[in-house]
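Okay, so here's the structure we're looking at.
Protein chains in written order, with the working numbering: chain Y, 762 to 1208; chain D, 438 to 622.
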């Protein structure tokens, strides 16, 4: 009973509060809705509005019109745009030696006098399937190209004339693959061999085509007239150029591009800290695919050894470079800037030590014997002058030395000092004259 | 302001002015309905857009008798159900743990104690299925049998989901009630 009552309360609460609750939508919702509505309305047929049905009708009508027009005008268009390169000629079937002329002109070879008066008559003939005439589209290279390849106009003429022409008179599918120039170089490459990655520019030497397809032999292709290609992996690549005209493949030609592997220059420097002039620096050579090496040590000296050992006679940050050459002359280089990031001269102090409770040792230490850190002393290299002071936290000088071989044993006036933190300060010069000043703290620990 | 008859006639003709007026006039109310079914305002606005598109294109179906607002509400609820089903496809149904029907100490909830805003928040926090069934049963006033048909579930499922939804809602209301009490006290 109680539950039922509660159920009713709950329902009433929500119904009364929410049934007619209004929430103002974001203004963008209205805009979005109107956009969606416009699309839907467009898709919905309504005789009073412009919609997809009307659009479809218009497109259909447009296509139909274009088809009708293009049927009649196709050959006309082609003639207009390609006239400098393409020649449309009429060759009577009866004439086995069709006359071909390489100048862009329409030559009336037909004796029909009407053709001379009406230039459009060849269009009529183009679509005329009566077999009386055949339309030939010929590609004639421009003068430059012909000169380059020693192609006399006669060659073109020869290949165009004769029986070949009449083998494929099936209207639009007229192919002119036997162009005479297909065996020649249709294109030039800026490079035929070189080191990877090899960038090659190709130049298409023929003109008067619709499109051309380059395949580079490494899976890549291009439709550009004069493409550039980068062969990033070594190998032999057969580059093929196919030239297409309106009626299909006009010609194709190929060249082989040899891409040689590039060696890789790699080296490591044994240490980036050198002490001049004592240390010789060993360069470890990890280069691959190389037969010749040229090192430059950055100090004006060079070497052609595989792994040279070099002595620098002064301190500095040198740029070391290695250039390697393969048998084919491909090269690679590697330069390490500021190869010696730090001087081999350094001085560092520990931050804690544990004095020997057995009594003062006088601070004599050796790096080998002081494994238990009983004496506070630096780790160093190339220190010429040295002055170390140790203070208590209150600033009392507890220890002082000018001898780098003497450290602090933790005793002050014969007594072991208290456990705690002490301040050290060091001044001096390295053997190259570079001064140093350092300060820090050290914690005295007890066993 | 155009009256509903003119608006409806305009919308039947796909008159864009009438469509706009319809939106201006009823979008607030209908978004309120959407809000009850949605997990957040963005989802509610999605439902609202779809609902309006349905209303615009099916306005001929409105018989002219009965309440136009009631008809639109029905369209919105149906759209919300469609959204619910669409959403179900893309998520695994996670059933929250069984609620032990705790005996509530409160016999009823003081209406003035809760704002519409709070109630919306309680609803939007509910699991999708609970929210759907609670709305249809408690607010829209459908019978469990009708709900079962609309959602394509069993009548008993509708009943048990409703009582679980109720338990969750009661729990939430009590909590916010206590919070309120502590603010005021």
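We treat Cβ as the ideally placed atom computed from N, Cα and C, and that holds for glycine.
Residue of Y:778, Y:1009 and Y:764 minimising C-alpha distance to residue 559 of chain D:
Working through the second chain from its first residue, we reach residue 559 of chain D at position 122. Cα-wise, what sits closest to residue 559 of chain D is Y:778.
Query raised in the report: Going by alpha carbons, who is nearest to residue 1166 of chain Y out of Y:1174, Y:1155, Y:1137 and Y:1183?
Result: Taking the first chain and counting its residues from 1, one reaches residue 1166 of chain Y at position 405. Per the Cα distances, Y:1137.
Exercise for the section: Indicate the three-state DSSP secondary structure (helix, strand or coil) for residue 1167 of chain Y in the structure shown. Expected result: Here the question's residue 1167 of chain Y lines up with position 406 in the first chain. In the structure shown, residue 1167 of chain Y falls within a strand segment according to DSSP collapsed to helix, strand and coil.
Quiz item: Using a Cβ-Cβ distance under 7 Å, would residue 553 of chain D count as near chain Y?
Solution: Here residue 553 of chain D is taken as the residue at index 116 of the second chain, counted from 1. Chain Y, which has a Cβ nearer than 7 Å to the Cβ of residue 553 of chain D, makes this yes.
Segment contact flag, the segment 473-485 of chain D with the segment 502-512 of chain D, C-beta cutoff 8 Å, min 3 pairs: Taking a cut-off of 8 Å on C-beta distances, the segment 473-485 of chain D does not touch the segment 502-512 of chain D, as fewer than three cross pairs fall below it.
Own chain residues within Cβ distance below 6 Å of residue 1196 of chain Y, not counting five before or after: Here the question's residue 1196 of chain Y lines up with position 435 in the first chain. Result list for residue 1196 of chain Y: 1190, in chain order.
Give me the Cα-Cα distance between residue 462 of chain D and residue 498 of chain D, rounded to the nearest whole angstrom. Taking the first residue of the second chain as position 1, residue 462 of chain D is located at position 25. Taking the first residue of the second chain as position 1, residue 498 of chain D is located at position 61. Residue 462 of chain D and residue 498 of chain D have their C-alpha atoms some 20 Å from each other.
Check your understanding: Under the three-state reduction of DSSP, which class applies to residue 508 of chain D: helix, strand or coil?
Key -> Start at 1 with the first residue of the second chain, and residue 508 of chain D comes out as number 71. Look at residue 508 of chain D here: in three-state DSSP terms it is helix.
*Do you know how far the Cα of residue 996 of chain Y is from the Cα of residue 1086 of chain Y?*
To locate residue 1086 of chain Y, count along the first chain from 1; it is residue 325. To locate residue 996 of chain Y, count along the first chain from 1; it is residue 235. Between the alpha carbons of residue 1086 of chain Y and residue 996 of chain Y lies a gap of roughly 18 Å.
**Prompt:** Quick one: which chain D residues come within Cβ less than 7 Å of residue 784 of chain Y?
**Reply:** Counting from 1 along the first chain, the entry for residue 784 of chain Y is found at position 23. Within 7 Å Cβ-Cβ: 465, 468, 469 and 472.
Mark residue 455 of chain D as exposed unless 16 or more other C-beta atoms lie within 10 angstroms of its C-beta, in which case mark it buried.
Position 18 of the second chain holds residue 455 of chain D. Result: buried.
Which residues in chain Y have a C-beta closer than 7 Å to the C-beta of residue 456 of chain D? List them in chain order. What you label residue 456 of chain D is simply residue 19 of the second chain in a count that begins at 1. Going along chain Y in sequence order, the residues near residue 456 of chain D (Cβ under 7 Å) are 798.
Which term fits residue 1093 of chain Y, buried or exposed, when burial requires 16 or more other beta carbons within 10 angstroms of its beta carbon? On the first chain, position 332 is the one that residue 1093 of chain Y refers to. Flag for residue 1093 of chain Y reads buried.
Query raised in the report: Is residue 829 of chain Y helix, strand or coil when you go by DSSP?
Result: Against the first chain, residue 829 of chain Y aligns to sequence position 68. It is helical.
**Message:** Can you give me the C-alpha to C-alpha distance between residue 744 of chain Y and residue 1207 of chain Y, rounded to a whole angstrom?
**Reply:** A question about residue 744 of chain Y goes unanswered here, because the residues of chain Y that appear run from 762 up to 1208.
Pick from Y:1097, Y:1075, Y:1147 and Y:1120 that is closest to residue 1109 of chain Y, judged by C-alpha positions = Counting from 1 along the first chain, the entry for residue 1109 of chain Y is found at position 348. That would be Y:1147, whose Cα lies nearest to the Cα of residue 1109 of chain Y.
Less than 7 Å separating the beta-carbons of residue 773 of chain Y and residue 465 of chain D? Taking the first residue of the first chain as 1, we reach residue 773 of chain Y at position 12. Taking the first residue of the second chain as 1, we reach residue 465 of chain D at position 28. By the CB criterion at 7 Å, residue 773 of chain Y and residue 465 of chain D fall outside the cutoff.
Notebook entry, point to check: What is the rounded straight-line gap between the Cα of residue 786 of chain Y and the Cα of residue 468 of chain D?
Noted result: As a working mapping, residue 786 of chain Y is identified with position 25 in the first chain. As a working mapping, residue 468 of chain D is identified with position 31 in the second chain. Straight-line Cα distance between these residues: approximately 7 Å.
Kindly list, in the order they appear in chain Y, the residues whose Cβ is closer than 8 Å to that of residue 575 of chain D. Counted from its first residue, the second chain places residue 575 of chain D at position 138. Residues of chain Y passing the Cβ test: 771, 772, 775 and 776.
query: Per DSSP, what kind of secondary structure is residue 857 of chain Y in: helix, strand or coil?
result: Start at 1 with the first residue of the first chain, and residue 857 of chain Y comes out as number 96. With a pLDDT of 44 at residue 857 of chain Y, under the threshold of 50, the modelled position of this residue cannot be trusted; read the value that follows with caution. Residue 857 of chain Y sits in coil when the DSSP states are folded into three classes, being neither helix nor strand.
Determine whether the Cβ of residue 451 of chain D lies closer than 7 Å to any Cβ atom of chain Y. Here residue 451 of chain D refers to the residue found at position 14 of the second chain. Proximity of residue 451 of chain D to chain Y, defined by a Cβ-Cβ separation below 7 Å, is satisfied.
Within 7 Å of any Cβ in chain D, is that where the Cβ of residue 845 of chain Y sits?
In the first chain, residue 845 of chain Y corresponds to position 84, counting from 1. Low confidence applies to residue 845 of chain Y: its pLDDT is 46, below 50, so where it sits in the model is not reliable enough to give any reading.
TODO: Taking only the alpha-carbon atoms, compute the straight-line gap between residue 714 of chain Y and residue 1044 of chain Y and give it to the nearest angstrom.
DONE: Residue 714 of chain Y lies beyond the stretch modelled for chain Y, which goes from 762 to 1208, so this question has no answer here.
*residue 1098 of chain Y burial status per 10 Å Cβ neighbour count (16 or more: buried)*: Along the first chain, read from residue 1 onward, the residue named residue 1098 of chain Y stands at position 337. By the neighbour-count criterion, in which 16 or more other beta carbons inside 10 Å mark a residue as buried, residue 1098 of chain Y falls on the exposed side.
For residue 807 of chain Y, count the other beta carbons within 10 Å of its own beta carbon; 16 or more makes it buried, fewer makes it exposed. Which is it?
Indexing the first chain from 1 puts residue 807 of chain Y at position 46. Result: exposed.
Sequence-distant residues of the same chain with beta carbon closer than 8 Å to residue 965 of chain Y, five excluded per side
Against the first chain, residue 965 of chain Y aligns to sequence position 204. These residues qualify, in order along the chain: 947, 948, 973, 986, 987, 1002 and 1004.
Using the DSSP secondary-structure output, state which residues sit across from residue 513 of chain D in a beta bridge.
-> Within the second chain, the letter at position 76 stands for residue 513 of chain D. BP columns for residue 513 of chain D are empty, so no partner.
Margin query: Which same chain residues end up closer than 7 Å to residue 1067 of chain Y when comparing Cβ atoms and leaving out the 5 residues on each side of it in sequence?
Written below: As a working note, residue 1067 of chain Y is residue 306 in the first chain. Only residues of its own chain outside the window of five on either side were considered, and among them 1046 and 1054 have a CB closer than 7 Å to the CB of residue 1067 of chain Y, listed in chain order.
Beta-bridge partners of residue 1096 of chain Y, as assigned by DSSP = Within the first chain, residue 1096 of chain Y is the residue found at index 335, counting from 1. Note: residue 1096 of chain Y sits in a beta bridge opposite Y:1082.
**Request:** Look at the alpha carbon of residue 1187 of chain Y and the alpha carbon of residue 1150 of chain Y, and state the distance between them as a whole number of angstroms.
**Result:** The residue you call residue 1187 of chain Y lines up with position 426 of the first chain. The residue you call residue 1150 of chain Y lines up with position 389 of the first chain. Distance between the alpha carbons of residue 1187 of chain Y and residue 1150 of chain Y is about 6 Å.
Partner residues on chain D for residue 1094 of chain Y, Cβ-Cβ distance less than 9 Å: Numbered from its first residue, the first chain carries residue 1094 of chain Y at position 333. Under the 9 Å cutoff, chain D gives no residues; its nearest Cβ is about 57 Å from residue 1094 of chain Y.
*Report the partner residues of residue 1198 of chain Y according to the DSSP bridge assignment.*
Within the first chain, residue 1198 of chain Y is the residue found at index 437, counting from 1. Checking the DSSP bridge columns, you'll see residue 1198 of chain Y partnered with Y:1188.
### Message
Can you tell me whether residue 471 of chain D is helix, strand or coil according to DSSP?
### Response
Here residue 471 of chain D is taken as the residue at index 34 of the second chain, counted from 1. DSSP, reduced to helix, strand and coil, places residue 471 of chain D within a helical segment of the structure shown.
### Query
Which class does residue 965 of chain Y belong to by DSSP, given the choice of helix, strand or coil?
Translated into positions along the first chain, residue 965 of chain Y becomes position 204. Strand, per DSSP.
Mind reading off the beta-carbon distance from residue 1155 of chain Y to residue 1116 of chain Y? Whole number of angstroms is fine, and I expect it under 8 Å.
-> Here residue 1155 of chain Y refers to the residue found at position 394 of the first chain. Here residue 1116 of chain Y refers to the residue found at position 355 of the first chain. Cβ atoms of residue 1155 of chain Y and residue 1116 of chain Y stay farther apart than 8 Å, at about 19 Å.
7 Å Cβ cutoff, residue 986 of chain Y in contact with chain D:
Here residue 986 of chain Y refers to the residue found at position 225 when the first chain is read from its first residue. Judged by the 7 Å Cβ criterion, residue 986 of chain Y is not in contact with chain D.
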